[in-house]
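The block underneath contains the structure these notes are about, expressed in structure tokens.
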Amino acid sequence: MGDFSFAYSIWIPLIPFFTFILLGLAGHILKPRLAGIIGTTALGVIFVMSLYTAYQYFFVYGMVDGVYQKIIAYNTTWLQFTDTLHIHMGVILDPISVMMLVVVTTVSFMVHLYSIGYMHGELGFERFFAFLSLFSFAMLGLVVATNIFQMYIFWELVGVSSYLLIGFYYQKPSAVAASKKAFIVTRFADLGFLIGILILSYITGTFDFITITDPNGAAIHQGSGTAFLGLSVMTWAVLLIFIGGAGKSAMFPLHIWLPDAMEGPTPVSALIHAATMVVAGVYLVARLFPVYYFSAPEALHVIAYVGGFTSLFAAVIACTQLDIKRILAFSTLSQIGYMMLALGVSGWGDHEGVGFMAGNFHLFTHAMFKALLFLGSGAIIHAVHSNYMNEMGGLRKYLPITHLTFLIACLTIAGIPPFSGFFSKDEILVAAYHHDKVLFFVEYFVAGLTAFYMFRLYFSVFWGKEPHYHHKPHEAPATMTIPLIFLALASIFTGFIPFTELVTTDGVPFHAHIDWGIALPSIGIGVLGILGAMVMYRRETNLPEKMAANLKYLYRWSYNKFYIDEVYLFITKKIIFRYISRPVAWFDRHMVDGAMNGMAGLTNLISFKIRGFQSGQVQKYAFVFVTGALALALVFIYLWTN
Amino acid sequence: MRIEDFLLMRHEILLTLVTVILLVLEIFLHDDRKQVIRHWAIVLMTLVTVAGFLSLPEGTLFGGMYQTSQLHQLMKNILNIGALVVFIQGAKWLNLEANRNKVSEFYLLILCTLIGMNFMVSSGDFLMFYLGLELATIPIAAMAAFDKLSNKSSEAGIKLILSSALSSGIMLYGISMVYGTTGSIYFEQVSQLYAGSSLQVLAFIFFFTGMAFKISMVPFHLWTADVYEGAPVNVTSYLSVVSKGAALFIFSIILVTAFRFISPLWQNVIWVISVLTMTIGNLFAIRQNNLKRFLAFSSISQAGFILLGVIAGTQLGMATVVYYVLVYIFSNLGAFGVVAAVSNATGGKENMDDYVGFYRTNPKLALTMMLAMFSLAGIPPVAGFFGKFFLFLAVAEQGYYWLLTIAVLNTIISLYYYLLIVKAMFLTKSEDAIGRFRSDNYTRLGLAICIAGMVIVGFASPIFDYIKSLSFGL
Amino acid sequence: MLYGIRLEYFLILATLMFFVGIYGFLTRRNLITMLMSVELILNAVNIQFVAFNRYLFPDKLEGHFFSLIVVAVAAAEAAVAIAIIINIYRHFTSINVEDVDEMKY
Amino acid sequence: MDFLSYFIIVPLLTVLGIIVSRNDKQAKWTAAIGMSIQLVLAAVLVFRYLAERKAGNMAEFLFYHDYLWFPALNIRYTVGVDGISVAMVALTSLVIFTGIFASWEVKFQFREFFATLILLATGVFGFFICTDLFTMFLFYELAVLPMYLLIGIWGSGPKEYSAMKLTLMLMGGSALLLVGLIGLYFHSAPDGGPYTFNFIEISKVQIPIQMQYFLFPMTFVGFGILGALFPLHTWSPDGHSSAPTAVSMLHAGVLMKLGGYGCFRVAMFLMPEAAHDLSWIFLILTTISVVYGAFGAIMQKDLKYINAYSSVSHCGLVLFALLMMNETAINGAIMQMVSHGIMTALFFALIGMIYGRTHTRIIDEMGGLMRVIPFLAVAYVIAGLASLGLPGFSGFVAEMTVFVGSWQNTGTFYRVATVIACASIVITAVYILRVVGILLQGPVREPWYHQFTDATWYERISVGFLIAGIAGIGIAPLWLSNMITNSLGPIMDRLNMISFIH
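Protein chains in written order, with the working numbering: chain A, 162 to 803; chain B, 23 to 496; chain C, 5 to 109; chain D, 6 to 507.
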């Protein structure tokens, strides 16, 4: 590592933090445009810093003795719980964190830039940039967390920035409801995360990632005894932590908040709900991967199956939705499912660990193309003022740049070479194939579905029948198209990054070749999906209706997202509100408080009942007097003489 | 017996002197100038009170019938202070048209009872005690019936005199048995011979009821409310503090002298009685509307609390009793002073409902009343807090934790009704509140003394230390 | 001693008088009669004092003194009481104790 | 005069100043200046305390002064602070300072209001700086009783009922407490010396265990009522909802902390054996408190009720953590006190300011306030986020310390209790966001809302200081945490000794 110091990297999260403070306190004084420029510039600066860090790390100082080191670039004690449990605030640099730095700053920078155009003239423009800065700060802090508690802290912070941004249009009830839902669902998952942290830190005696995840260390082997329901303590710990990850990454059944989160402005969806925050769960699992692998393989299975199921489930839903952002949201779910699955099926070291590499790889490429898709959809919405596919069509003429970049993104996600999605998805399929055939076939099928629903979207929007537009759609301004182009280029070329050389389970690079035996069929099913979509949606036909009629129940269930929302609604509205909260409130007012008031009432009652003694008759007084004297005398003579 | 020995009786002699002077004035002054007696009485009483604090030797007189020590003198001084405040507070009332021709009667009767109380406190045997007691009681009956034109006043008088006659009869019956079983009426000798045969227990209980009547312990309290309500305010205030205080003083002295060796008996008896007294007093007080009647029940429950110090029977116990009586005098006279001022200014408004919105019109009086209520309830920073706390300490020192618990729970009920008055004065809004009025200087002086007492007696620790150093116990 | 009358007889007499007095106090409605009942009680006490003194402690005099003073005090008490009763009669035009209950509860 | 006594003298002088002031304006400024001095004093205290500690002064209580008051009973006026008291004093000065500004516009009987309010604060200060149980108790009652007048006169709604209920329940607590304190006094000198109320002295003796079983519940419940211990918390919703703004602030912010502080300082510190043996009962109650308060808050319609129930939940967490009886948990409990104190004061201040504009506190009757009064609305959101334990605000630090600390206790019972308590963070999120959603977000409900003026300068001072407080602790918690931890030594020694014996 030499005498090079990465300590400057602490400024990568801190710069957006100060931007946030500045915009938050003084935002309403500044001109909106200036606020936007300040925010964007700050992100630009850290974008460059991240790239520089990545370069320094991967190619200059990061590798020592053929192994990528975990470098603590900065660390300071923030809070001490016990003698051993301290929360530090610091920066860890290792392959995945550096990769994430690049992802986050890239997408964030692009989104900032895009937002200057997209949000132009909106009420609360400066507020929007303040929130974006806050989010960037939180996400970067999460990424560089040196310990699990720091991660939890920033985990919560990204949660709240997500809440704030989803609810950006706070006067719109649906946005408010969606933001609330997002926060509460993830909060619920975080409860699992928190308890998981408590268990993990208790058995390992530290929060520190490096200590916990050291495969040769003592910490990782703690808590292997069976504890509860046949699983070890460590398994429980990491499973609970995974619940946190699943909440943030919207894994089934905690996915319900993500589609609703599309109520937020589109750049937000691109940044938070596609590229960065939602993959935090993946990042978390990747971060703790050694623990999962060595101490809790059962948990890893769970992750794999949850990932696999979610990807299928979401893909099926995506096929029937009409709101383009929701389609993308479900697509995001599906893709994150892929990543989770990849981690779940991964082994350790070299080729065994290809799943780990592939998960991260897909995370990287997905961030680029999904951000692109969202920003593209933003451009579409900007032009059409609608989210609904059936109110669009034939837009390729009006939005040439958007059209082109969108097409690239669709091809990428469909896994068509040479676009980046092909490479990363292929690696995942390889890993799945070697690990679990069932999951492989599920993912294989999902790959086809993905191609289908993406191109259904593509064809419906850009081709198909042109509806009547109130005013002619026009291409977005340069601030919006530049990010599109940049991300399109990224989608095309990032596939060629040799990830196996950079991000591996044990930090040791290895070489991998494309396994054409798996790659070709996957290209094949991708193409099949595209063709299917083309047949059904390129021109106006009645095929979709026929399909829907034939698969009536599946269609209806899929369209209604398998009624999961209704189940949640039932649980919250009926059970929690009606059957817990209201009775509690009632109980408190009437039983507990009633008891207190009852005591007072009883005192008054007694007071009323005994008033007869004070009859006003002096002879009755005398009678009480004499009786009292005699009674006292008798009682005490009796007591005294015994 | 030398003539100087009579100096030991300085309190009584001075009071008698004042009585004589006032009598002479009453005889020689022209009817139009009778009002001057008020000033005379107050000035003379002040002199007597101050003179009481001059140091004096301890000793006994009349072969032990009369005894005096610094503690006795202190008790008498406390009573004098109480009486002085009553004198001052009564000045305005006596200036009213209806009472103009009865000015000296009020002061003379009070002075007589005060002499009786002083003798009672200093008594060394049951005879002197009985004499003092009757001297302190019979004139009060006359005072209760002071207001000749009022039904209630004469009703109060008859109730008091009949009840007290009965109670003194029963008490005398007890004393006669004490005499019969021990052959002595001197406290010191009685205590030696009092072992606790059944007859002696009976004798004690009968004696006890007599005291219980004076202190208005439950169930011997029933006269209290009616008499307090019926009697004129100033008489009630005197009755509730000075008369009760004197009885408490001698009661605790007799218990630790004459009945020293049957302390477990009387401790148990008073345990029961004090619980009853606190609780029943509180329960009745909750529902009262007439302030005098309300204060009557409040004073009953206060007596229950004071009994805690008596039960302890220790030096600390007696000190806390004396201290609390001192505090109680200021607090209760503060309350009665306000009631009297309002009653005089409004022509007899004495109900709690009349006090609604009182703070808006007469803030100073309302604040005084509030302080008095807080002091009675035992809320800092006023002296009542210290008084109650020390009483509780005294009883807990002897390990009566359950009694203590019952007592503290009772303070909550009492707090409730004291706050009712505060509520009426401060919280509730009213259109027809008592109008703004100016009090005369005597009323102000009286209330100022009470406020000063409530504040100073608590914080000035030397007072308690002094009392403690003089006290004695079992 | 005293021609063979034993102390117990005096005590029984005193006790009877005492309780008769109390009974009278509790049951007679006339205020004057009630006052008389009190006198009975006090006289019972006096008898007891004198008897105790004479029989048990013949060398002392406290009992005698006590009874003398009780008699004196009883007179004073009665004087005040009757004055008040007169006043009561003015107000209530009755000396029935049951009529005198304006204040209660 | 020693340094600490200024904390009593300054407010008393302020009260005096207010009484003699000629008009409302003078009174107002007297109060503001007095409490500013108090705030500065508190800051000086914090710095002096830290400096002393840094200089190696390891005495248990610093700035210790001892005056004999009642020689006959060995009752003393002793003052002294450790890190915990310093934190509490600082909290109190902050809350009363902001409270003055939050009630800048009380129209009615202004002088009386401020005099009473500051008198109450005097009681609180006295309670925190005294180390003698007698004076502590005196100040305790002094702090509770003005509440009756403050709520009763300046309150709203069923104020007379609420005031009476609150006063009686709290004084009921103080009554039980009295029994406990007196019991402690008479067991403070087992080898025949003079009895003492000084808890430092008492902590050095062993109180007979049977006596502890009697005294501990008395003391703990006595203080616990003020700390909203289930099921004796019902004064809180009524009291808070009826109280005027500054009073709610001071009450929920500081007065309820008296309960927690007392439970810790008196009940647990002096009777560790009983605390150890009986903690399970109270642990069950407090666990219920935590969740129950949160559930109770969900369905409420009145802003103040919501906050009152949330206080029940949060203060329940304080007692819960105390009863976990290990260093981390107790540290968390104290931090939770500070944190909740500032946070809830902020809440009540904001509710008062909102109420002053909309004239209702029923959330269903309001909406869209974010649009018309952004400053207050944002502050409300911040308070809400702090309340639900968002990192960066004090609530998070405190709660996490509590949870980590509680988790250090092995045993299924403790674990289950901890998990249940943790669940409150979700429920809290539900009710906080519900309020934010209905109250602040959404369309502006009434057209006349547009005429609202946003926060005035004094409201900004009040809110600003409080936000600075929660954010300050939230961002840099270490100094506070260390200050508290350093002072936990004595009690931990005592507690550890027991677990060693057991």
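Virtual Cβ for every residue (Gly too), placed ideally from N, Cα, C.
Just so you know, these numbers come straight off a predicted model, no measurement behind them.
Inset, instruction - Please classify A:Lys626: is it buried, with 16 or more other beta-carbons within 10 angstroms of its beta-carbon, or exposed? - result: When all chains shown are included, A:Lys626 counts as exposed.
Legend entry - Coil, strand or helix - A:Met162 by DSSP: In this prediction, A:Met162 scores a pLDDT of 44, lower than 50, which makes its location untrustworthy; the coordinate-derived value is nonetheless stated afterwards. Note: A:Met162 maps to coil in three-state DSSP.
Legend entry - Residues that DSSP places opposite D:Phe75 in a beta bridge: Looking at the DSSP output, D:Phe75 shares a beta bridge with D:Ile80.
Inset, instruction - Identify which residue in B:Leu184, B:Leu313 and B:Ser491 has its Cα closest to the Cα of B:Gln337. - result: B:Ser491
Legend entry - Status (buried if at least 16 other CB within 10 Å, exposed otherwise) for D:Trp484: exposed
Inset, instruction - In the DSSP assignment, find the alpha helix (DSSP H) that holds D:Ile123 and state where it starts and stops. - result: Phe115 to Ile134
Inset, instruction - Output the distance between the C-alpha atoms of A:Phe208 and D:Ala481, rounded to the nearest integer angstrom. - result: 27 Å
Legend entry - Alpha-carbon to alpha-carbon, B:Thr342 and B:Phe412: 6 Å
Legend entry - Pair within 8 Å by beta-carbon distance, A:Leu533 and A:Ala422: no
Inset, instruction - Out of B:Leu153, B:Leu96, B:Ser126 and B:Gly179, state which residue places its alpha-carbon closest to the alpha-carbon of C:Ile90. - result: B:Gly179
Inset, instruction - Locate the beta strand (DSSP E) running through A:Trp239, then write down its first and last residues. - result: Ile232 to Gln241
Inset, instruction - Please find out if some non-hydrogen atom of the ligand PLP comes closer than 7 Å to the beta-carbon of C:Ile73. - result: Here there are no bound small molecules, and the ligand PLP is not part of this structure.
Inset, instruction - Have a look at A:Val439, A:His281 and A:Leu390 and flag the residue whose alpha-carbon is nearest the alpha-carbon of A:Tyr324. - result: A:Val439
Legend entry - the region 85 to 97 of chain D in contact with the region 62 to 69 of chain D per 3-pair CB rule at 8 Å: Verdict: yes, contact present.
Inset, instruction - Report the residues of the region 8 to 33 of chain C with a CB closer than 9 Å to any CB of chain A, ordered along the chain. - result: Ile26, Phe29, Leu30, Thr31, Arg32 and Arg33
Legend entry - Spatial distance of A:Glu513 from A:Gly205 (CA atoms): Their backbone Cα atoms lie some 38 Å apart in a straight line.
Inset, instruction - Report yes or no: do three or more beta-carbon pairs, one from the region 270 to 280 of chain B and one from the region 177 to 193 of chain B, lie closer than 8 Å? - result: no
Inset, instruction - Enumerate in chain order the residues of its own chain whose CB-to-CB distance from C:Ile26 is below 8 Å, with the five nearest sequence positions on each side excluded. - result: Residues of the same chain with a CB within less than 8 Å of the CB of C:Ile26, apart from the 5 flanking positions on each side, are Ser41 and Ile45 in chain order.
Legend entry - Nearest to D:Leu263 (by Cα), restricted to the options D:Ile472, D:Ala32, D:Leu147 and D:Val386: D:Leu147
Legend entry - C-beta neighbour in chain B for A:Asn765, strict 8 Å: yes
Legend entry - Same chain, Cβ closer than 6 Å to D:Glu464, five either side skipped, listed in chain order: Met358
Legend entry - Span separating the alpha-carbon of A:Met162 from that of A:Pro670: Bear in mind that a pLDDT of 44 at A:Met162, under 50, signals an unreliable position, so the model cannot answer this.
Inset, instruction - For chain B, find out if any of its Cβ atoms is closer than 8 Å to the Cβ of C:Val84; answer yes or no. - result: yes
Inset, instruction - Could you tell me the distance, in whole angstroms, from the CA atom of B:Ile497 to the CA atom of B:Gly356? - result: Past the boundaries of the shown model lies residue 497 of chain B; chain B is included only from 23 to 496, so the question cannot be answered.
Legend entry - Reference B:Ser198, options C:Ala87, C:Val54 and C:Lys108, closest by Cα: C:Val54
Legend entry - Whole-number beta carbon distance between B:Pro241 and A:Gly789, since they are thought to touch under 8 Å: 4 Å
Legend entry - Partner residues on chain A for D:Thr333, Cβ-Cβ distance less than 7 Å: Within chain A, the residues near D:Thr333 are Phe242 and Thr243.
Legend entry - Sequence-distant residues of its chain with Cβ nearer than 8 Å to A:Gly378 (five each side left out): Thr372
Legend entry - Buried or exposed by the 16-neighbour rule on C-beta atoms within 10 Å, applied to A:Val225: exposed
Inset, instruction - Whole angstroms is fine: what's the gap from D:Asp137's alpha carbon to A:Phe748's? - result: 40 Å
Inset, instruction - Could you say which of B:Ser91, B:Thr427, B:Leu305 and B:Ile435 lies nearest to D:Gly227 if we only look at CA atoms? - result: When only C-alpha atoms are compared, the closest one is B:Thr427.
Inset, instruction - Using a Cβ-Cβ cut-off of 8 Å, state whether C:Val75 counts as contacting chain F. - result: Going by chain labels, chain F is absent from the structure shown, which instead holds the protein chains A, B, C and D.
Inset, instruction - Tell me the start and end of each unbroken alpha helix (DSSP H) in the region 397 to 460 of chain D that is at least 4 residues and wholly inside, in chain order. - result: Counting only runs of 4 or more, we get 399 to 412 and 417 to 440.
Legend entry - Nearest-angstrom Cα separation, counted from A:Phe220 out to A:Ala639: 34 Å
Inset, instruction - Could you pull out every residue in the same chain whose Cβ sits closer than 6 Å to the Cβ of A:Phe567, ignoring the five residues on either side in sequence? - result: Gly537
Inset, instruction - Compare the C-beta of A:Phe768 against all C-beta atoms of chain B and say whether one is closer than 8 Å. - result: The residue you asked about is not Phe; residue 768 of chain A is Ser in the sequence shown. A:Ser768 counts as touching chain B.
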